[in-house]
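Participant:
In this note's numbering, the protein residues as written are 923 to 1029.
#1: For residue 1004, which residues from the same chain have a beta carbon less than 7 Å from its beta carbon, with the 5 sequence-adjacent residues on both sides left out?
#2: Along the alpha helix (DSSP H) that carries residue 1001, what are the first and last residues, could you check?
#3: When you measure from the CB of residue 974 to every non-hydrogen atom of the ligand MN, does any distance come out below 7 Å?
#4: Alpha carbon to alpha carbon, how far is residue 976 from residue 963? Give it in angstroms, no decimals.
#5: Taking DSSP as the reference, what is the three-state secondary structure of residue 932?
#6: Can you name, in chain order, every residue of its own chain whose Cβ lies under 8 Å from the Cβ of residue 1023, other than the five neighbours on each side?
#7: For residue 983 and residue 1001, which I take to be in contact (beta-carbon distance under 8 Å), what is that distance rounded to the nearest angstrom?
#8: Suppose you measure from the CA of residue 992 to the CA of residue 986; what does that come to, to the nearest Å?
#9: To which residues of the same chain is residue 995 closer than 8 Å at the C-beta, ignoring the five residues directly before and after it?
#10: Just to confirm my understanding: we take residue 1014, look at its own chain, exclude 5 residues before and 5 after, and list those with CB closer than 7 Å. What are they?
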């Protein structure tokens, strides 16, 4: 129940920040600041989430290797692949932030 509540609250917060970013008009300096704030918060939250995911993945890989050292090669390969996927999520968030800042389609 707690995970569901946290997921719901995070979704509401992210949707609220996205609406701030998309409602901004680049001709107005106050709304440009809002767009910059939304883009900065978006990439910050994405980087924070990716860092937590990578940390948990590394923790699991270290525990798995310590329990079964013979499977170290397979675990390491899988871990590196998972890290690449997690890092791609942060890069996607960065691209979306750049789109919000420089190529705002709603202007």
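Virtual Cβ for every residue (Gly too), placed ideally from N, Cα, C. Predicted model only: the values in this text are computed from it and were never measured.
Facilitator: This is what the structure holds:
#1: These residues qualify, in order along the chain: 979.
#2: Annotation for residue 1001: the continuous alpha helix (DSSP H) segment containing it runs 994 to 1024.
#3: In terms of ligand content, the structure shown is empty, and the ligand MN therefore cannot be addressed.
#4: Distance between the alpha carbons of residue 963 and residue 976 is about 20 Å.
#5: Residue state for residue 932 is assigned as helix, using DSSP reduced to three classes.
#6: Around residue 1023: 957, 958 and 961.
#7: Indeed they touch by this definition, with Cβ atoms about 4 Å apart.
#8: Here the C-alpha atom of residue 992 lies approximately 10 Å from the C-alpha atom of residue 986.
#9: For residue 995, same chain residues with a beta-carbon under 8 Å away, outside a window of 5 residues either side, do not exist.
#10: Closer than 7 Å at Cβ, skipping near neighbours: no residue.
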